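**Q** There's a structure below that I have some questions on.
Number of protein chains: 2
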Amino acid sequence: MKSLVLDRIKSPLVLVDREVPEPDNGEVTISLSAAALNRRDFWITQGMYPGIRLPVILGSDGAGIVSQVGPGVSDDWLGREVMINPGWHWGDDPSVQSPQFQILGMPHDGTFASHVTVPVESVHAKPSHLDLHQAAALPLAGVTAYRATFTRGHLSADDHVLITGIGGGVATFALQYAVAVGASAFVTSSSPEKIARAIALGAVAGYDYRAEDWHQQLKAEHEPVSLIIDGAGGDGYARLIDVAAPAARIVNYGATAGPPSNVELFKVFWKQLNLAGSTMGSPADFTSMLKFVAQHQIVPIVDHVHPLADGNAALQRMRSSDQFGKIVLATDA
Amino acid sequence: MKSLVLDRIKSPLVLVDREVPEPDNGEVTISLSAAALNRRDFWITQGMYPGIRLPVILGSDGAGIVSQVGPGVSDDWLGREVMINPGWHWGDDPSVQSPQFQILGMPHDGTFASHVTVPVESVHAKPSHLDLHQAAALPLAGVTAYRATFTRGHLSADDHVLITGIGGGVATFALQYAVAVGASAFVTSSSPEKIARAIALGAVAGYDYRAEDWHQQLKAEHEPVSLIIDGAGGDGYARLIDVAAPAARIVNYGATAGPPSNVELFKVFWKQLNLAGSTMGSPADFTSMLKFVAQHQIVPIVDHVHPLADGNAALQRMRSSDQFGKIVLATDA
């Protein structure tokens with residue numbers, strides 16, 4: 002099979018030919034049509050991830066057709082169009098993943114390949130309203146956004162939701178979910194083009210977070226925000242605490258801008274704010290996400306499709322944060 | 002009436018004789034037996050509070066006997082032993098106080114006096130198991146601790162609770178509540194004497210937060226903490242994020258040590274933590290607190306009783322954080 006392998010930290014991925022791994026007990030092999038990139042893949046190439054084991058095939062997101070079943074798995078799976086839940090061994094506690102939790106693509110070989118072999122319990126039918134490229138764009142970012150907005154953020158139609166860093170995969174799904182439930186959504190970005198695209202998707206307005214007073218503008222022009230979905234942290238975090246309505250929820254699923262430099266705890270307690278951390282999603286989050294996406298016919302925004310051989314260019318595009326939506330690899334190209 | 006008046010910021014309170022204010026429509030006058038100090042009183046003397054209007058009689062906590070009723074208030078109140086809910090105009094939203102919220106003792110004249118006149122809806126019967134000095138020690142810290150631990154922190158018997166800065170009024174009530182429900186309670190303090198007193202009250206163990214590795218000790222010796230009640234913030238906040246169990250709640254009701262210098266957002270989202278701000282309490286929190294205190298026969302810890310004339314010495318004791326429990330002023334002394 003064709004596969005994109007990370008041999009060494011901070012080295013380009015290498016396209017190599019490997020044996021298709023045989024499915025073991027309870028496993029299936031999927032002939033992949035597409036994979037999608039996540040920031041995690043980039044962090045791993047930079048050595049910024051705990052427990053890195055090399056060489057590895059990166060990639061947490063994939064969709065394709067079941068081509069082989071292992072012992073104990075029904076033949077009915079053969080030929081079915083499927084996608085993979087990349088979060089494994091979550092454990093029994095819906096509130097947090099277990100210490101055994103792992104994500105497909107490290108240490109288990111991932112989806113930047115023409116085939117992948119995974120436990121059948123991680124395999125789900127492809128939503129019928131999506132093609133295989135769109136389905137590959139959904140799992141990791143889609144479930145992360147679902148847990149952040151619904152399970153942790155308790156999003157409802159009454160909310161005024163602020164989603165920071167629109168264009169990122171999770172942020173874009175969060176916007177689509179917020180619009181789907183009828184909430185009023187606002188976004189931030191340094192790119193007028195991305196703000197325009199967010200508005201086209203249903204956002205009420207967008208703000209350039211580089212403007213010193215963007216949060217004052219938002220407060221002046223609209224009702225205060227009751228829910229904030231943030232993946233950045235960093236210096237901008239203080240603005241989120243400012244812009245949050247009393248009793249608001251701020252959910253963080255990432256810290257691409259590093260730790261917040263200034264958390265004004267006085268405002269946190271006087272405004273009775275709720276700051277929640279969220280990462281990935283439980284199996285229940287994943288199935289709820291699939292149900293929600295089907296019910297609202299949500300189609301993942303695919304930024305660009307690269308052939309598998311161009312995986313390094315795809316990673317570079319994600320590193321520069323130029324994308325709007327998910328970057329997909331056509332693994333059968 | 003005797004009253005302790007703040008005339009100027011950063012000046013000592015002055016004992017002056019004033020007319021007892023007549024109760025207006027819906028008000029009662031209480032002949033006070035005792036008042037209690039809160040950190041808020043000290044902040045106001047330092048000018049560190051929004052909207053300060055001078056001169057003012059400080060004091061949010063008081064208990065005594067109703068001596069006069071205004072128009073529209075039943076005579077049945079006369080002679081009853083009562084205490085005051087110092088949080089006024091909370092509003093209709095249980096999740097957060099309204100912009101009209103105010104606390105007795107600024108701008109409305111407070112309890113550092115022989116009499117106080119307040120709306121009858123803020124007046125509650127003294128819990129029968131408490132004397133008037135103990136009852137005066139309860140309201141502000143008692144309701145703040147109740148909201149932080151129960152309404153916001155969802156304390157239950159299964160919790161391992163860490164309470165920082167034991168000895169402070171809110172922290173001490175939080176400890177008493179945690180012990181009352183059967184939770185395992187841990188405390189921090191820089192004082193071995195305070196830790197010993199906390200253990201005598203039912204805490205499992207205490208740690209000196211000045212030790213670089215106190216949080217490692219706690220983790221090594223006990224199960225990880227599922228709930229943290231903190232009024233300090235500051236540099237020590239990072240340790241709280243470290244010591245918190247996965248999915249733990251950290252409730253902040255104050256920031257006496259200033260804003261946190263380092264909030265490792267990565268740990269917040271990877272551990273799926275819940276950081277909640279909490280201040281004061283709603284009317285429902287107050288009545289629930291009174292019910293809980295009566296049910297569990299909780300007796301507020303009175304650190305020291307000063308005569309009203311020694312109010313400045315009492316404020317100084319609070320400033321130095323030497324106290325364990327509440328500092329009370331005998332307003333009838």
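For the record, the sequence lines run as chains U and D. Numbers given in our numbering equal positions in the first sequence, counted from 1, plus 1. Numbers given in our numbering equal positions in the second sequence, counted from 1, plus 1. Glycine included, every Cβ here is placed at the ideal spot set by N, Cα and C. The model shown is predicted, which means the values in this text are computed figures rather than measured ones.
1. Which bits of chain D does D94 (chain U) rub up against, with CB to CB less than 9 angstroms?
2. Residues in the same chain with beta-carbon distance under 6 angstroms from K195 (chain D), minus the five sequence neighbours each way, listed in chain order, please.
3. Helix or strand or just coil, what does DSSP make of H155 (chain D)?
4. Measure how close the beta-carbons of H116 (chain U) and I31 (chain U) come, nearest whole angstrom, since I'm counting them as under 8 angstroms.
5. Relative to chain U, which residues along the segment 260-291 of chain D have a C-beta separation below 7 angstroms, given in chain order?
6. Would you kindly check if the distance between the Cβ of A248 (chain U) and the Cβ of Q273 (chain U) is under 7 angstroms?
7. Comparing the C-beta of V226 (chain D) with each C-beta of chain U, is any distance below 7 angstroms?
8. Note down, in chain order, all residues in the segment 97-121 of chain U with a beta-carbon under 8 angstroms from any beta-carbon belonging to chain D.
9. In whole angstroms, what separates the C-alpha of V306 (chain U) from that of T280 (chain U)?
10. Express the C-alpha separation of A137 (chain U) and L309 (chain U) in angstroms, rounding to a whole number.
11. For the pair the segment 170-183 of chain U and the segment 147-157 of chain U, tell me if three or more CB-CB distances fall below 8 angstroms.
12. Give, in chain order, every unbroken run of the beta strand (DSSP E) that is at least 3 residues long and sits entirely within the segment 128-216 of chain D.
13. Using a cut-off of 9 angstroms between C-beta atoms, extract the partners of N39 (chain U) located in chain D.
14. Which chain U residues are close to N313 (chain D), counting only those with a beta carbon under 9 angstroms from its beta carbon?
15. Have a look at U:E28, U:V74, U:G106 and flag the residue whose alpha-carbon is nearest the alpha-carbon of G52 (chain U).
16. Nearest to F267 (chain U) by CA position, among U:I230, U:I242, U:S4, U:P108, is which residue?
17. What do you reckon, are the CB atoms on V162 (chain D) and L59 (chain D) nearer than 7 angstroms?
18. Does the separation of the CB atoms of A35 (chain D) and V294 (chain D) fall below 7 angstroms?
19. In whole angstroms, what is the alpha-carbon distance linking G143 (chain D) and P72 (chain D)?
20. Could you check whether the Cβ of N253 (chain U) sits closer than 7 angstroms to any Cβ belonging to chain D?
21. Report the three-state DSSP secondary structure of Q317 (chain D) (helix, strand or coil).
22. Which class does T112 (chain D) belong to by DSSP, given the choice of helix, strand or coil?
23. Does G52 (chain D) have its Cβ less than 7 angstroms from a Cβ in chain U?
24. Near Q47 (chain D), which residues of its chain fall below 8 angstroms by C-beta distance, leaving aside the five closest residues on each side in sequence?
25. Determine the closest residue to R148 (chain D) out of D:N275, D:A221, D:P284, with distance taken between C-alpha atoms.
26. With 16 other CB atoms within 10 Å as the buried threshold, where does D214 (chain D) fall?
27. Does the Cβ of N275 (chain U) have 16 or more other Cβ atoms within 10 Å, making it buried, or fewer, making it exposed?
28. Since V67 (chain D) and R81 (chain D) should fall inside the 8 angstroms C-beta cutoff, what is the C-beta to C-beta distance between them, to a whole number of angstroms?
29. Less than 7 angstroms between C-beta atoms, sequence neighbours within five positions excluded: which residues of the same chain meet that for I299 (chain U)?
30. Spell out the partners DSSP gives Q308 (chain D) in its beta bridges.
31. Would DSSP call V124 (chain U) helix, strand or coil?
32. Could you pull out every residue in the same chain whose Cβ sits closer than 6 angstroms to the Cβ of R54 (chain D), ignoring the five residues on either side in sequence?
33. Taking buried to mean at least 16 other C-beta atoms within 10 Å of its own C-beta, is E265 (chain U) buried or exposed?
34. Would V74 (chain D) and V29 (chain D) qualify as a contact pair, given that the criterion is a beta-carbon distance under 7 angstroms?
35. Is D231 (chain D) helix, strand or coil by DSSP?
36. Who are the neighbours of A256 (chain D) on chain U, taking C-beta pairs under 9 angstroms?
**A** The answer reads as follows:
1. P247, A248
2. I167, G168, F325
3. coil
4. 7 angstroms
5. P260, P261, N263, V264, E265, L266, F267, V269, F270, W271, K272, Q273, L274, N275, L276, A277, G278, S279, T280
6. yes
7. no
8. V97, Q98
9. 26 angstroms
10. 13 angstroms
11. yes
12. 161-164, 185-189, 206-208
13. Those do not exist, as N39 (chain U) stays about 15 angstroms from chain D at its closest Cβ, beyond 9 angstroms.
14. Under the 9 angstroms cutoff, chain U gives no residues; its nearest Cβ is about 26 angstroms from N313 (chain D).
15. U:G106
16. Closest option to F267 (chain U), Cα to Cα, is U:I242.
17. no
18. no
19. The straight-line gap from Cα to Cα measures roughly 31 angstroms.
20. yes
21. helix
22. Secondary structure at T112 (chain D): coil, using DSSP grouped into helix, strand and coil.
23. no
24. For Q47 (chain D), where only same-chain residues beyond five positions count, the Cβ hits under 8 angstroms are I10, K11.
25. The option with the nearest alpha carbon to R148 (chain D) is D:P284.
26. Flag for D214 (chain D) reads exposed.
27. buried
28. 5 angstroms
29. Q177, A181.
30. Before going on, a small fix: residue 308 (chain D) reads as Pro here, not Gln. For P308 (chain D), which the question treats as bridged, DSSP gives the partners D:A331.
31. Three-state DSSP puts V124 (chain U) in a strand.
32. P108
33. By the neighbour-count rule (16 or more Cβ atoms within 10 Å), E265 (chain U) is buried.
34. yes
35. strand
36. E265, L266, F267, V269, F270
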